[in-house]
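S.K.:
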């Protein structure tokens with residue numbers, strides 16, 4: 004398999020994982036706001052926990068990003084994922100902020 008093909012495959016997988024986590028995070032936001040503290044919310048927390056441990060293990064880099072580096076010298080923020088460059092650059096900050104809001108709302112709902 005050629006490097007360009009490998010990079011394309013990594014980009015597709017990375018993008019699909021990103022889409023999956025969007026469903027997870029936005030369901031969690033809905034569940035927290037709607038006070039629907041069901042098993043899916045806690046499963047979402049589990050997925051976010053696993054993602055957090057993964058990022059911490061790889062020094063805040065996605066392992067797919069590190070793998071993609073083997074097949075590209077690009078300095079673009081979105082070289083390893085099919086996202087606009089600005090979103091690829093700020094995705095961790097955006098989703099960490101949304102997760103913090105979810106966490107605060109969840110705690111509020113539990114205490115009330």
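In our numbering, the protein residues as written are 4 to 115. Every residue gets a Cβ at the ideal spot worked out from N, C-alpha and C, and that includes glycine.
(1) Alpha helix (DSSP H) containing residue 82: first to last residue?
(2) Say whether the region 98-113 touches the region 33-40, bearing in mind that this needs 3 or more beta-carbon pairs closer than 8 Å, one atom from each stretch.
(3) With respect to the alpha helix (DSSP H) encompassing residue 71, which residues constitute its N-terminal and C-terminal limits?
(4) My guess is that residue 81 and residue 91 are in contact by the Cβ rule of under 8 Å, so how many angstroms apart are they, rounded?
(5) Which word fits residue 59, buried or exposed, when buried means at least 16 other C-beta atoms lie within 10 angstroms of its C-beta?
(6) Who are the Cβ neighbours of residue 45 in its own chain at under 7 Å, not counting the five residues just before and after it?
(7) Taking Cβ to Cβ, would you say residue 14 is nearer than 8 Å to residue 84?
(8) At what residues does the alpha helix (DSSP H) containing residue 5 begin and finish?
M.R.: On the basis of the supplied data:
(1) Working through the chain shown from its first residue, we reach residue 82 at position 79. Where residue 82 is concerned, there is no enclosing alpha helix (DSSP H), given that its DSSP letter is neither H nor E.
(2) yes
(3) Here residue 71 refers to the residue found at position 68 of the chain shown. Run containing residue 71: 66-72, per the alpha helix (DSSP H) assignment.
(4) Position 78 of the chain shown holds residue 81. Position 88 of the chain shown holds residue 91. With a Cβ gap of about 4 Å, residue 81 and residue 91 count as contacting.
(5) Numbered from its first residue, the chain shown carries residue 59 at position 56. Label assigned to residue 59: exposed.
(6) Locating residue 45 in the chain shown gives position 42, where the first residue counts as 1. Hits under 7 Å: none found.
(7) Working through the chain shown from its first residue, we reach residue 14 at position 11. Working through the chain shown from its first residue, we reach residue 84 at position 81. Cβ distance < 8 Å, so residue 14 and residue 84 count as in contact.
(8) By one-based count along the chain shown, residue 5 stands at place 2. Per DSSP, residue 5 belongs to no alpha helix (DSSP H) and is neither H nor E.
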